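Notes follow once the structure below has been shown.
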Amino acid sequence: MTKTYYEFFCPVKVIAGKAALEHIPYELNGLAAKRPMIITDKGVRAAGLLEPVITACEESGLDIISIYDDVPPDSSTTVVRDIAAIYRKEKCDSIIAIGGGSAIDTGKAVNILVSEGGTDIAKYTGAGVLKHPLKPFFVVPTTAGTGSEVTSVAVITDEAKGVKLPFSSSYLLPNAAIIDPRMTLTLPPHITAATAMDAMTHAVESFTCMAKNPLSDAYATAAIKKVSQSLLHVMDNPKDSHGRLELAQASTMAGIAFSNSMVGLVHSLGHATGAICHLPHGLCMSLYLPYVLEYNLETIREPLGELLLYLEGPEVYAATPASRRAEASISALRSLRDALYKRCQLPRTLKETGKVTEDQLDPIAEMALDDGSIMFNPKEVTLTDARAVLQRAWA
Amino acid sequence: MLAKRFQPMASHARRLYVELMFQVMGRALQAISEVDSEVQREARTLPQGFLFEMMVMPNGSKLIVEHIGEGRFHYHGGSAPRPMDVSIRFKHLAHAFLVMSFQEKTAVAFANDRMLVDGDVSYAMRMTRVLNRLESFILPRIIARRAVKEYPENLHLPEKLISAAQIYLKVATHFVQTARA
Ligand SMILES: [Zn+2]
Chain P
1 MTKTYYEFFC PVKVIAGKAA LEHIPYELNG LAAKRPMIIT DKGVRAAGLL EPVITACEES
61 GLDIISIYDD VPPDSSTTVV RDIAAIYRKE KCDSIIAIGG GSAIDTGKAV NILVSEGGTD
121 IAKYTGAGVL KHPLKPFFVV PTTAGTGSEV TSVAVITDEA KGVKLPFSSS YLLPNAAIID
181 PRMTLTLPPH ITAATAMDAM THAVESFTCM AKNPLSDAYA TAAIKKVSQS LLHVMDNPKD
241 SHGRLELAQA STMAGIAFSN SMVGLVHSLG HATGAICHLP HGLCMSLYLP YVLEYNLETI
301 REPLGELLLY LEGPEVYAAT PASRRAEASI SALRSLRDAL YKRCQLPRTL KETGKVTEDQ
361 LDPIAEMALD DGSIMFNPKE VTLTDARAVL QRAWA
Chain A
1 MLAKRFQPMA SHARRLYVEL MFQVMGRALQ AISEVDSEVQ REARTLPQGF LFEMMVMPNG
61 SKLIVEHIGE GRFHYHGGSA PRPMDVSIRF KHLAHAFLVM SFQEKTAVAF ANDRMLVDGD
121 VSYAMRMTRV LNRLESFILP RIIARRAVKE YPENLHLPEK LISAAQIYLK VATHFVQTAR
181 A
């Protein structure tokens, strides 16, 4: 599969490593921003993750003007409208989103409203609606998985209409992503595992799906290597900040990869399962990954075989005959899942989740076929195929 | 301007070709929705009055169909009665030509950022499956293989021949009717 044409875009300044948070005041100043608003959730506040950010700003004489810490796990149009009203009332001039996918998506949506005007975020849904740069926007991820700090999309629920509104524009990308190991140090084991497997899936799907390209490939392989080398180490040494930083960087790199090459069937199934059975996204990714790779196997034998180098290292790669490498890559991912199951019971089958019933498999399959990411899966998927993959993932 | 002076015919021909293909596909889409149960099954869940368009940016040719209920499509030609529900927009005539001349599979064109999708993604996915099914019906097998990721297994030759004949017949009828009107 050689790519005859591709696009790659990532204008986000990545500020990563030790004492990264302390760069926020300088970077905001560089964008002439003086009145930042923090958008976050209760969990982040309770974990004590706001203090280091606020302290870092205050020590440089920069006051945080307003803090909204009530973003729900599934952000809604009402929440976005309320935060935009506070932003305007307090005359803020920039946004710092601190949290996981939901806080970051909320920050992106609020930025649309406060930059473009109005109170109805639904007006801006769709692709390419925005035509101008938005207000200065920084993202501080507190999970290492979603990669939302480097993606140009946001999803907000319209509660009244019961639909999810997608927003897509390169202007949604933050000016800077601040990756500081302090922010992920306290992540509980099962979230560490699930979110890291989300990052792993972003990288693996990016490398094996239809829109793969040389630049996204470079980010994807680097991310896979980091997750493979660091995840189990961090599971056993949760306070290791070097390992935490490795996972956080892997997540950002995987995010850059998949936002430029898209994902495939693992995500189609995962999105459907999340919607129907209310299972966390990362858990679904970890669960479906090997089954989908087995389904795609003959279409992706070559790229999947190449990944063995990054999953298992040069010795194993060299010792494995080329014709067996794709299968060996799947085995490597399976043993990583087994190791995670041992450490935090991250489910490997739908049955192990205890939250899915067998009669839900058909609705999941139907819904997965309507998911946008299925378009980029290297192998065509019919309803029968999707059902078969789900059946294999059942137990 | 320079490009215009050098290649007036090539561009003109591509424009005409894409325009013609949109017309054939639009009519075929209406025809296939009257005979093929698979297409009807996919289309049935679309809202009645649902409008779908494929177009070439910025103001090029358009293919507009409406779901008129029970899985049936009505071909509107290039003008619509209402705003679109789902729109697939080719960024350039050259990209539409690549897809319409089956040099680039629809899914590859998506992967190559050749077009934009506006509207509900799940409906867009449904329409893409309908278009794939349509292409495998109306095109000779060898070309259809180039156009879609995988040639459907449940499309056996006799069925295909019969259906394709039915569709061509209907397309022809539509052409005649349009010419008369
Ligand atoms: Zn994901």
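Chains as they are written, first to last, in my numbering: chain P, 1 to 395; chain A, 1 to 181. Where a beta carbon is used, it is the ideal one built from N, C-alpha and C, also for glycine. Quantities reported herein were computed from a predicted structural model and do not represent experimental measurements.
**OP:** Under 8 Å by Cβ, that's how I've got Ala-368(P) and Ala-211(P) pegged, so tell me the actual separation to the nearest angstrom.
**Re:** Not confirmed; about 19 Å, so no contact.
Subject >> Cross-chain neighbours of Ile-374(P) in chain A, by beta carbon under 7 Å >> reply: Met-125
**OP:** When you get a sec, list the residues whose CB is within less than 7 Å of any heavy atom of ligand 1, chain order please.
**Re:** Thr-146(P), Asp-198(P), Thr-201(P), His-202(P), Val-263(P), His-267(P), Gly-270(P), His-281(P), Met-285(P)
Original post:
When we look at the beta-carbon of Thr-119(P) and count the other beta-carbons within 10 Å, is it buried (16 or more) or exposed?
Top reply: exposed
Original post:
Do three or more CB pairs link the stretch 47-58 of chain A to the stretch 74-87 of chain A at distances below 8 Å?
Top reply: yes
Original post:
Does Ala-94(A) come within less than 8 Å of chain P when only Cβ atoms are used?
Top reply: no
Subject >> First through last residue of the alpha helix (DSSP H) which encompasses Pro-418(P) >> reply: Chain P is shown only over 1 to 395; residue 418(P) falls outside these bounds and no answer can be derived.
Original post:
With 8 Å set as the bound, which would you pick, yes or no: does the beta-carbon of Asn-59(A) sit closer than that to a beta-carbon of chain P?
Top reply: no
Subject >> Start and end residues, alpha helix (DSSP H) containing Ala-250(P) >> reply: 241-261
Subject >> Gly-99(P) versus Thr-125(P) - alpha carbon distance >> reply: 23 Å
Subject >> Given Lys-3(P) as reference, the closest of Phe-138(P), Thr-208(P), Lys-91(P), Asn-213(P) once Cα atoms are compared >> reply: Asn-213(P)
**OP:** Kindly confirm or deny that the stretch 62-73 of chain P and the stretch 121-135 of chain P touch, where touching means at least three C-beta pairs closer than 8 Å.
**Re:** no
Original post:
Skipping 5 residues on each side, what residues in its chain have a beta carbon closer than 7 Å to that of Leu-157(A)?
Top reply: With a pLDDT of 49 at Leu-157(A), under the threshold of 50, the predicted position of this residue should be treated as unreliable, though the coordinate-derived value follows. Once the five neighbours on either side are set aside, Leu-157(A) has no close Cβ partner at all.
Original post:
Does Leu-157(A) get closer than 8 Å to chain P when you measure Cβ to Cβ?
Top reply: Residue placement at Leu-157(A) is flagged as unreliable, the pLDDT there being 49, under the threshold of 50; the coordinate-derived value follows with that caveat. By this cut-off, Leu-157(A) is not an interface position.
Subject >> Rounded distance between the beta-carbons of Ser-115(P) and Leu-134(P), thought under 8 Å >> reply: 4 Å
**OP:** Kindly indicate if chain A contains any beta-carbon less than 8 Å away from that of Glu-7(P).
**Re:** For Glu-7(P), the answer is yes, since a Cβ of chain A falls inside 8 Å of its Cβ.
Original post:
Do the CB positions of Asp-362(P) and Arg-387(P) come within less than 8 Å of each other?
Top reply: The answer is yes: Cβ separation under 8 Å.
Subject >> Residues that Ile-179(P) bridges to, as DSSP identifies them >> reply: Ala-16(P), per the DSSP bridge assignment.
Original post:
Apart from the five residues on each side of it in sequence, which residues of its chain come closer than 6 Å, Cβ to Cβ, to Asp-385(P)?
Top reply: none
Subject >> Near-chain A residues of the stretch 155-166 of chain P - C-beta to any C-beta below 9 Å >> reply: Flagged, chain order: Val-163, Pro-166.
Original post:
Looking at the structure shown, is Ser-79(A) part of a helix, part of a strand, or coil, going by DSSP?
Top reply: In this structure, Ser-79(A) counts as coil in the three-state DSSP scheme.
Subject >> Chain-order list of residues whose beta-carbon lies under 8 Å from that of Lys-91(P) (same chain, five-residue window excluded) >> reply: Arg-35, Ile-65
Subject >> Residue range of the alpha helix (DSSP H) that includes Val-130(A) >> reply: 121-138
Subject >> Under 8 Å by beta carbon: chain P residues contacting Val-108(A) >> reply: Met-210
Subject >> Residue-chain proximity (Ala-10(A), chain P), Cβ-Cβ < 8 Å >> reply: Not an interface residue.
Original post:
Could you give the residue range of the alpha helix (DSSP H) that holds Thr-186(P)?
Top reply: Here Thr-186(P) belongs to no alpha helix (DSSP H), and DSSP marks it neither H nor E.
Original post:
What residues match up with Val-86(A) in a beta bridge as DSSP calls it?
Top reply: DSSP output for Val-86(A) lists Phe-52(A), Gly-119(A) as bridge partner(s).
Subject >> Three or more C-beta pairs below 8 Å linking the stretch 167-183 of chain P and the stretch 9-16 of chain P >> reply: yes
**OP:** Closer than 6 Å by C-beta to Gly-325(P): which residues in its own chain qualify, once you throw out the five before and the five after it? Chain order, please.
**Re:** For the record, residue 325(P) in the displayed sequence is Arg; it is not Gly. In its chain, beyond the 5 residues on either side, Gly-305, Leu-308 have a beta carbon closer than 6 Å to the beta carbon of Arg-325(P).
Original post:
Between the stretch 219-227 of chain P and the stretch 254-266 of chain P, do three or more beta carbon pairs fall short of 8 Å?
Top reply: As far as the Cβ criterion goes, the stretch 219-227 of chain P touches the stretch 254-266 of chain P, which means the pair count is three or higher.
Original post:
What are the boundary residues of the alpha helix (DSSP H) that Ala-386(P) is part of?
Top reply: 383-394
Original post:
Does the distance from the CB of Ser-373(P) to the CB of Val-204(P) come in under 8 Å?
Top reply: no
Original post:
Is the shortest distance between the beta-carbon of Lys-149(A) and the beta-carbons of chain P less than 8 Å?
Top reply: So yes, Lys-149(A) belongs to the interface.
Subject >> Alpha carbon of Thr-208(P) to alpha carbon of Phe-258(P), nearest angstrom >> reply: 11 Å
Original post:
How about Ala-339(P): is its Cβ closer than 7 Å to a heavy atom in ligand 2?
Top reply: Because ligand 2 does not appear in the structure shown, any question about it cannot be addressed here, the ligands present being ligand 1.
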